[in-house]
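Chemist: What follows is a single structure, and I will ask about it in a moment.
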């Protein structure tokens with residue numbers, strides 16, 4: 004086992020050259036690309052994602068290495084570890100306050116230390132420096148831990164409640180049911196163009212809803228579900244669908260539908276196809292009427308069947324919604340995991356008071372990076 008070394012002579016700096024960025028891609032492919040795509044395809048995917056509106060000027064690739072390397076000035080590739088952050092808009096209503104503030108939140112992704120560099124404390128040093136750096140650039144930060152609940156919490160990122168609900172398509176109760184009054188609702192399918200309108204209206208409503216929430220006991224935090232976040236996810240999954248799983252986007256079998264809404268209501272769902280996991284992820288759901296759940300989910304199920312995806316996954320559905328799903332599709336098809344081990348949603352509020360409780364409102368999959 005390697006012995007941790009003194010990290011006083013190490014620093015965390017943004018990448019300044021395309022060569023440094025490409026080096027991070029080469030390294031992270033070993034963790035997140037192997038088995039799905041080769042190095043060139045992985046690089047091509049990262050280029051596609053780098054040109055999304057969500058990314059653009061909002062992404063920073065951070066390098067952690069020895070100060071003597073002068074990474075920023077020399078463009079050296081001799082760094083020990085790396086990560087990415089995405090700058091995005093969030094809303095916060097502080098405990099005891101009446102006003103809602105728009106703040107900057109940095110979402111962290113692709114935290115990576117190569118195997119050859121592990122055991123020296125570089126992850127500790129990098130995350131400690133990151134906390135200090137981000138606290139000067141914004142008011143909040145999120146990440147999704149794949150290494151448990153303790154590591155990031157010691158630096159200030161607290162894990163928030165996380166329940167994963169799955170619907171197994173093949174296990175759905177197929178018994179004939181009498182027609183219900185859900186048939187009175189007109190379902191409109193959401194393509195990329197309509198999604199812009201849906202997301203814009205959603206963000207406006209959420210700002211009003213947050214203002215109306217009681218903050219006497221806790222601070223309320225919310226990442227705005229802007230359409231650029233959806234587009235980034237869709238670009239990611241469309242690339243993998245075509246390049247890794249042979250989905251042809253030029254014909255009727257391509258990915259063109261990304262959600263559904265109930266006409267003349269505020270109820271909708273937004274989804275993303277995840278072929279490498281053989282499932283559909285619900286990125287955002289909003290139903291103003293319990294009776295809207297089934298027609299919206301039926302639209303998602305139809306899209307799953309079209310692309311032979313076996314499961315639908317949602318994050319942090321409320322108990323009432325889960326009960327509706329169990330009633331409509333059968334308790335065998337609907338399962339919930341209250342203790343997941345991956346992608347644990349974690350939040351840091353940099354100027355949080357010692358005993359200040361924070362509720363992460365709408366802790367859904369659209370916020371993941």
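Numbering (the working numbering), first residue to last: 4 to 372.
C-beta atoms are modelled at their ideal positions from N, C-alpha and C, and glycine is treated no differently.
Buried or exposed: residue 264, going by 16 or more other Cβ atoms within 10 Å of its Cβ?
Modeler: Your numbering for residue 264 matches position 261 in the chain shown. It counts as buried.
Chemist: Check for me: the beta strand (DSSP E) holding residue 63 runs from which residue to which?
Modeler: Within the chain shown, the letter at position 60 stands for residue 63. Taken as a continuous stretch (DSSP letters only), the beta strand (DSSP E) holding residue 63 covers 62-69.
Chemist: To the nearest angstrom, how far is it from the Cα of residue 182 to the Cα of residue 298?
Modeler: The residue you call residue 182 lines up with position 179 of the chain shown. The residue you call residue 298 lines up with position 295 of the chain shown. Because residue 182 sits at a pLDDT of 48, beneath the cut-off of 50, its placement in the model cannot be relied upon, and the following sentence gives the value as read from the coordinates. Whole-angstrom Cα-Cα distance: 12 Å.
Chemist: Looking at C-alpha atoms only, which residue of 325, 279 and 311 is the closest neighbour of residue 300?
Modeler: For this step, residue 300 is matched to residue 297 along the chain shown. Closest option to residue 300, Cα to Cα, is 325.
Chemist: Return the first residue and the last residue of the alpha helix (DSSP H) that residue 206 is part of.
Modeler: Taking the chain shown and counting its residues from 1, the one referred to as residue 206 is at position 203. Unbroken alpha helix (DSSP H) run through residue 206: 195-215.
Chemist: Using the Cβ count rule (16 or more neighbours within 10 Å means buried), how would you classify residue 235?
Modeler: Locating residue 235 in the chain shown gives position 232, counting from the first residue. It is buried - the Cβ of residue 235 has at least 16 other Cβ atoms within 10 Å.
Chemist: Can you say whether residue 23 is buried or exposed, counting buried as having 16 or more other CB atoms within 10 angstroms of its CB?
Modeler: Residue numbering aside, residue 23 sits at position 20 when the chain shown is read from its first letter. With 16 or more other Cβ atoms within 10 Å, it is buried.
Chemist: Can you tell me where the beta strand (DSSP E) holding residue 147 begins and where it ends?
Modeler: Along the chain shown, read from residue 1 onward, the residue named residue 147 stands at position 144. Residue 147 -> beta strand (DSSP E) spans 143-148.
Chemist: Who are the Cβ neighbours of residue 52 in its own chain at under 7 Å, not counting the five residues just before and after it?
Modeler: Within the chain shown, the letter at position 49 stands for residue 52. Correct list, in chain order: 58, 235, 238 and 239.
Chemist: Counting Cβ pairs closer than 8 Å, one from the stretch 204-222 and one from the stretch 355-365, do we hit at least three?
Modeler: They touch, by the three-pair rule.
Chemist: Going by C-alpha to C-alpha distance, which of 293, 102, 32 and 289 sits closest to residue 224?
Modeler: For the purposes of this step, residue 224 is identified with residue 221 of the chain shown, where counting begins at 1. With distances taken between Cα atoms, residue 224 lies closest to 102.
Chemist: Please return the same chain residues whose Cβ sits closer than 6 Å to the Cβ of residue 40, not counting the five positions on each side in sequence.
Modeler: Taking the chain shown and counting its residues from 1, one reaches residue 40 at position 37. Around residue 40: 247.
Chemist: Based on the DSSP secondary-structure assignment, which residues constitute the bridge partners of residue 276?
Modeler: For this step, residue 276 is matched to residue 273 along the chain shown. 283.
Chemist: Following the continuous alpha helix (DSSP H) through residue 35, name the residue where it begins and the one where it ends.
Modeler: Position 32 of the chain shown, counted from the first residue, corresponds to residue 35. Where residue 35 is concerned, the enclosing alpha helix (DSSP H) stretches over 21-35.
Chemist: Report the rounded CA-to-CA distance for residue 158 versus residue 111, giving the unit in angstroms.
Modeler: As a working mapping, residue 158 is identified with position 155 in the chain shown. As a working mapping, residue 111 is identified with position 108 in the chain shown. Taking the straight line joining both Cα atoms gives about 14 Å.
Chemist: Report yes or no: do the stretch 274-293 and the stretch 254-262 share at least 3 C-beta pairs separated by less than 8 Å?
Modeler: The stretch 274-293 is in contact with the stretch 254-262.
Chemist: Could you say which of 167, 95, 352 and 139 lies nearest to residue 212 if we only look at CA atoms?
Modeler: Against the chain shown, residue 212 aligns to sequence position 209. The option with the nearest alpha carbon to residue 212 is 95.
Chemist: Please classify residue 237: does DSSP put it in a helix, a strand, or coil?
Modeler: As a first step, residue 237 must be located in the chain shown, where it is residue number 234. In this structure, residue 237 counts as helix in the three-state DSSP scheme.
Chemist: From the DSSP output, which residues share a beta bridge with residue 338?
Modeler: The sequence position of residue 338 within the chain shown is 335, counting from 1. Answer is 169.
Chemist: Do the stretch 324-341 and the stretch 159-177 meet, that is, are 3 or more Cβ pairs less than 8 Å apart?
Modeler: Touching, yes.
Chemist: Taking C-beta to C-beta, are residue 282 and residue 314 nearer than 8 Å?
Modeler: To locate residue 282, count along the chain shown from 1; it is residue 279. To locate residue 314, count along the chain shown from 1; it is residue 311. Going by C-beta atoms, residue 282 is nearer than 8 Å to residue 314.
Chemist: Taking contact to mean at least 3 C-beta pairs separated by less than 8 Å, is the stretch 18-33 in contact with the stretch 113-129?
Modeler: Yes: the two stretches touch, three or more of their Cβ pairs being nearer than 8 Å.
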